[in-house]
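The listed protein sequences correspond, in order, to chains A and B.
Using our numbering, you'd call the opening residue of the first sequence number 9 and step up by one each time.
Using our numbering, you'd call the opening residue of the second sequence number 772 and step up by one each time.
Ideal Cβ positions, reconstructed from N, Cα and C, are used throughout, including at glycine.
Here the structure is a predicted model, which means the values were calculated and not measured.
First up is the structure itself, then whatever we jot down about it.
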Amino acid sequence: MRALCWTGADQVAVRQVPDPELRNGHDAIVRVRLSATCGGDLPLLAGRTPYRADGDVLGHEFLGEVVAVGPQVHRHRVGDRVVVSSTVACGSCWQCRSGAPWCCDNGNPAPEASELAYGQAVPGAFGRPTAAGGFAGGHAEYVRVPYADVGAYAIPDAVSDERALFAADAAPAGWLAAELGGVRPGAVVAVWGAGAVGQLTARAAILLGADRVLIMDPQADRLRMARRYTDAETVDPRHTNIPAELRERTGGRGPDVCVEAVGPAWNGRPRSLAERFTGAAERPPAVREAVYACRKGGTVVVLGEFTGHVDAFPLEAVGAKGLRVRGVRQHGAGQVPTLLERMARDELRTEHLATHRLPLEEGARGYTLFRDRRDDCVRAVFSPDFPPAG
Amino acid sequence: MRHSTRRAGTAAEMLARLAAARRRGRPVDPRPDTRPTGGWEVVTVDRPANEVLPGGRWPEPLRRLGRAIQVDSRPAPAGRGTELAARIRPGATLPGLAAHVAGDHPNRVVRAALRQTKQLTETGEVLRADRGPTDRGPADRGPAG
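Put into structure tokens, the structure is as follows:
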């Protein structure tokens, strides 16, 4: 089959690779119809993550059609149109049964790598390095989906592929950020970053009853999009002082919940092998700003993907202000059914995020557009079914 | 009881270990595991003891290690199931292939067996990894069309 593979720092190429196979009874094989780029791919793409191998198949946001199921799959049949959660969770361990599939104990067949990196094994994810289980990604014609009864969700007829695609990762991550941030009716929420996840966090906060949601980004096109599709107020940091603006708009209190959806201010250079393993520090400017801006006793949610350690984190301010800091990644598996229902009711619209639709063969161009934010690209979406250009 | 004689090395030695292990395709800890073999490894299995060790019998992943290990269990707090522990008996060596797979530290084999036991008990099977690029061999046919 054809698949978009990582071939070296800042290089991807479509290659012929073996078709996936059912390797466990709970597996399904999905024929991919659409897959999306994500900011979480960029550190991997740049070669900043250990254990990335030439030939790894990228992509953790995808949907498609079930073409094969293992004997232990009961909720899906061949022909089902499904969106697949980017996180691999078993549904049977204490974490999953307690409603926290993002902490699944069994979704990672190579847990040692993440134990070394994080102290404990994190669940597997598609299109990620060995520390996340090494599962092949969705920028391909076919994908193996472990624990398919848990991670694959039937898409309601009323929801288009282009909308449902973002239920794989971006929408659940945003929803979970708002939920774990404690957004409730009357809350004032600030979101750093108006990419797909930032916009969907803002929208989630609105749907959860926030009184006021402010979203910040230096790109005018993203702010326009956020105003139109999320109902949030926008702030352009090029034209104002963010801390002062937030004080003014929150009666001097500061936002109740601050969500960082930006990631590190990294320069794109692949780090040396030594840096990648030993954790040379990156800078988290948006996290710093969020900590200082947040109201006393408020919550800071860190959504952005940092590939190691960060420097200059204002820990003293966290303690002095009594802040709660939550981490969220691609962890929203439990949210997917609810989000699909909201999509069907038109409460949650996402198809506008797919600003560039490209055949799989143009994956390299899509990632360049996405990484460099050229041509107002928010997300590049690929399909093996789109005909090659020309 | 045997004790590891390894020590934390210089930065150059550490990087050499990292590079060598990366070539071998294995995860590596930049901090050498200096615990003595024989320490307990523990997992919490979200099932009652009679499902984790039915009839007192060890599940297959632990049985493979035979008499080289000791196994213990106790209820986990707050209804979280059973804490299942295993360790290498003092002076024992792991059998055959297990010893080979152990690599840098024999406790890793014990830990892997406990994880597999947990997965088998909770989900009914041990999750298998995808075939990575290095496993595909000649089937990886290079650039597409």
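Looking only at its chain, what residues have a beta carbon closer than 8 Å to the beta carbon of Ala325 of chain A, apart from the 5 residues adjacent to it on each side? For the purposes of this step, residue 325 of chain A is taken as the residue at position 317 of the first sequence. Result list for Ala325 of chain A: Val299, Tyr300 and Leu331, in chain order.
Pair every Cβ in the region 180-193 of chain A with every Cβ in the region 210-226 of chain A, then say whether three or more of these pairs are closer than 8 Å. yes
Counting only C-beta atoms, is Cys46 of chain A closer than 8 Å to chain B at any point? Counting from 1 along the first sequence, the entry for residue 46 of chain A is found at position 38. Judged by the 8 Å Cβ criterion, Cys46 of chain A is not in contact with chain B.
On the three-state DSSP scale, how would you describe Arg382 of chain A? By one-based count along the first sequence, residue 382 of chain A stands at place 374. Reduced to three states, the DSSP call for Arg382 of chain A is helix.
Under 7 Å from any heavy atom of the ligand ATP, does the C-beta of Asn116 of chain A make it? The model depicted lacks the ligand ATP and carries no ligand whatsoever.
List, in chain order, every chain A residue whose beta-carbon is nearer than 8 Å to that of Thr888 of chain B. The sequence position of residue 888 of chain B within the second sequence is 117, counting from 1. None at all; the shortest Cβ gap to chain A is about 11 Å.
Compare the Cα-Cα distances from Arg257 of chain A to each of A:Val309, A:Gln207, A:Glu268 and A:Ala198 and report the closest residue. Residue numbering aside, residue 257 of chain A sits at position 249 when the first sequence is read from its first letter. Looking at the Cα atoms, A:Ala198 is the closest of the given residues.
Which runs of the beta strand (DSSP E) at least 3 residues long sit entirely within the region 318-371 of chain A? Give them in chain order. 332-335 and 362-367
Going residue by residue through the region 73-116 of chain A, where are the continuous beta strand (DSSP E) segments of at least 3 residues, counting only ones entirely within it? 89-92
Could you confirm whether any beta carbon from chain B is found closer than 8 Å to the beta carbon of Cys101 of chain A? Position 93 of the first sequence holds residue 101 of chain A. By this cut-off, Cys101 of chain A is an interface position.
8 Å Cβ shell around Arg63 of chain A - same chain, five flanking residues per side excluded: Position 55 of the first sequence, counted from the first residue, corresponds to residue 63 of chain A. A small fix is needed here, since residue 63 of chain A is Gly in this sequence, not Arg. Excluding residues within five positions, the ones whose Cβ falls inside 8 Å are Cys13, Trp14, Thr15, Arg23 and Val25.
Measuring only between beta-carbons, confirm whether Phe143 of chain A sits less than 8 Å from chain B. Residue 143 of chain A sits at position 135 when you count from the first residue of the first sequence. With 8 Å as the cut-off, Phe143 of chain A counts as an interface residue toward chain B.
When you compare only the Cα positions, how much space is there between Phe134 of chain A and Gly260 of chain A? As a working mapping, residue 134 of chain A is identified with position 126 in the first sequence. As a working mapping, residue 260 of chain A is identified with position 252 in the first sequence. Distance between the alpha carbons of Phe134 of chain A and Gly260 of chain A: 43 Å.
Beta bridge counterpart(s) of Gly132 of chain A as assigned by DSSP: The sequence position of residue 132 of chain A within the first sequence is 124, counting from 1. Partner(s): A:Val96.
Coil, strand or helix - Gln24 of chain A by DSSP: Here residue 24 of chain A refers to the residue found at position 16 when the first sequence is read from its first residue. The answer is strand: DSSP assigns Gln24 of chain A an E or B state.
Contact the region 105-121 of chain A vs the region 190-206 of chain A: 3+ CB pairs below 8 Å: no
What does the alpha-carbon distance come out to for the pair Leu348 of chain A and Pro904 of chain B? Residue 348 of chain A sits at position 340 when you count from the first residue of the first sequence. Residue 904 of chain B sits at position 133 when you count from the first residue of the second sequence. About 34 Å.
Leaving out the 5 sequence neighbours to the left and right, which residues in its chain are closer than 8 Å to Glu73 of chain A when beta-carbon positions are compared? Within the first sequence, numbered from 1, the residue matching residue 73 of chain A stands at position 65. Only Val38, Arg39, Arg41, Gly87, Asp88, Arg89 and Val90 meet the Cβ criterion.
Contacts of Arg31 of chain A in chain B (Cβ-Cβ under 7 Å): Along the first sequence, read from residue 1 onward, the residue named residue 31 of chain A stands at position 23. By Cβ distance, chain B contributes Arg899.
In the structure shown, what three-state DSSP assignment does Thr258 of chain A receive? Translated into the one-based positions of the first sequence, residue 258 of chain A becomes position 250. In this structure, Thr258 of chain A counts as coil in the three-state DSSP scheme.
Limits of the unbroken alpha helix (DSSP H) element including Arg235 of chain A: In the first sequence, residue 235 of chain A corresponds to position 227, counting from 1. Looking at the DSSP string, the run of the alpha helix (DSSP H) that includes Arg235 of chain A is Ala228 to Thr238.
Does Cys98 of chain A have its Cβ less than 8 Å from a Cβ in chain B? Taking the first residue of the first sequence as 1, we reach residue 98 of chain A at position 90. Interface residue, yes.
What number of angstroms, rounded off, separates the C-alpha of Gly796 of chain B from the C-alpha of Gly810 of chain B? Counting from one through the second sequence, the residue named residue 796 of chain B turns up at place 25. Counting from one through the second sequence, the residue named residue 810 of chain B turns up at place 39. Note that Gly796 of chain B has pLDDT 45, beneath the 50 cutoff, so the model's placement of it is unreliable and the number below is only indicative. Approximately 26 Å, taken between the alpha carbons.
What does DSSP give as the partner residue(s) for Arg10 of chain A in the beta ladder? Here the question's residue 10 of chain A lines up with position 2 in the first sequence. The partner list for Arg10 of chain A (beta bridge, DSSP) reads A:Gln24.
Which partner residues does Gln841 of chain B have in the DSSP bridge list? Counted from its first residue, the second sequence places residue 841 of chain B at position 70. BP columns for Gln841 of chain B point to B:Arg858.
Taking Cβ positions, are Val205 of chain A and Ala181 of chain A nearer each other than 8 Å? Position 197 of the first sequence, counting from 1, holds the residue named residue 205 of chain A. Position 173 of the first sequence, counting from 1, holds the residue named residue 181 of chain A. In this structure, Ala181 of chain A lies closer than 8 Å to Val205 of chain A by Cβ.
Just to make sure I have the definition right: I need the residues of chain E whose C-beta is within less than 7 Å of the C-beta of Pro866 of chain B. Which are they? In the structure shown, chain E cannot be found, because the protein chains are A and B.
Which partner residues does Arg39 of chain A have in the DSSP bridge list? Stepping through the first sequence from its first residue, residue 39 of chain A is reached at position 31. According to DSSP, which records beta bridges pairwise, Arg39 of chain A is partnered with A:Glu73 and A:Tyr150.
From this set, A:Pro396, A:Tyr375, A:Arg381 and A:Leu361, which residue's C-alpha is nearest Glu170 of chain A's C-alpha? Counted from its first residue, the first sequence places residue 170 of chain A at position 162. Checking every option, the nearest Cα to that of Glu170 of chain A belongs to A:Leu361.
DSSP state of Val299 of chain A mapped onto helix, strand, coil: Start at 1 with the first residue of the first sequence, and residue 299 of chain A comes out as number 291. Three-state DSSP puts Val299 of chain A in a helix.
Please determine, among A:Ala179, A:Ala76, A:Ala61 and A:Asn32, the residue with the shortest C-alpha to C-alpha distance to Cys46 of chain A. Here residue 46 of chain A is taken as the residue at index 38 of the first sequence, counted from 1. Comparing Cα positions, the closest option is A:Ala179.
So with CB distances below 7 Å, who are the chain A contacts of Pro904 of chain B? Translated into positions along the second sequence, residue 904 of chain B becomes position 133. Near Pro904 of chain B (Cβ distances below 7 Å), the residues of chain A are Ala61, Asp62, Gly63 and Asp64.
Look up Phe394 of chain A in the DSSP assignment and say whether it is helix, strand or coil. Counting from one through the first sequence, the residue named residue 394 of chain A turns up at place 386. Of the three classes helix, strand and coil, the one that applies to Phe394 of chain A here is coil, per DSSP.
Check the DSSP bridge columns for Thr853 of chain B and list the partner residues they point to. Translated into positions along the second sequence, residue 853 of chain B becomes position 82. B:Val816 and B:Pro846.
With the cut-off set at 8 Å, would you say Pro131 of chain A and Val96 of chain A are in Cβ contact? Looking up residue 131 of chain A in the first sequence gives position 123. Looking up residue 96 of chain A in the first sequence gives position 88. Cβ atoms of Pro131 of chain A and Val96 of chain A: closer than 8 Å.
Check whether chain A comes within 8 Å of Arg851 of chain B, counting only Cβ atoms and requiring the distance to be less than that. For the purposes of this step, residue 851 of chain B is taken as the residue at position 80 of the second sequence. Output row for Arg851 of chain B: interface = yes.
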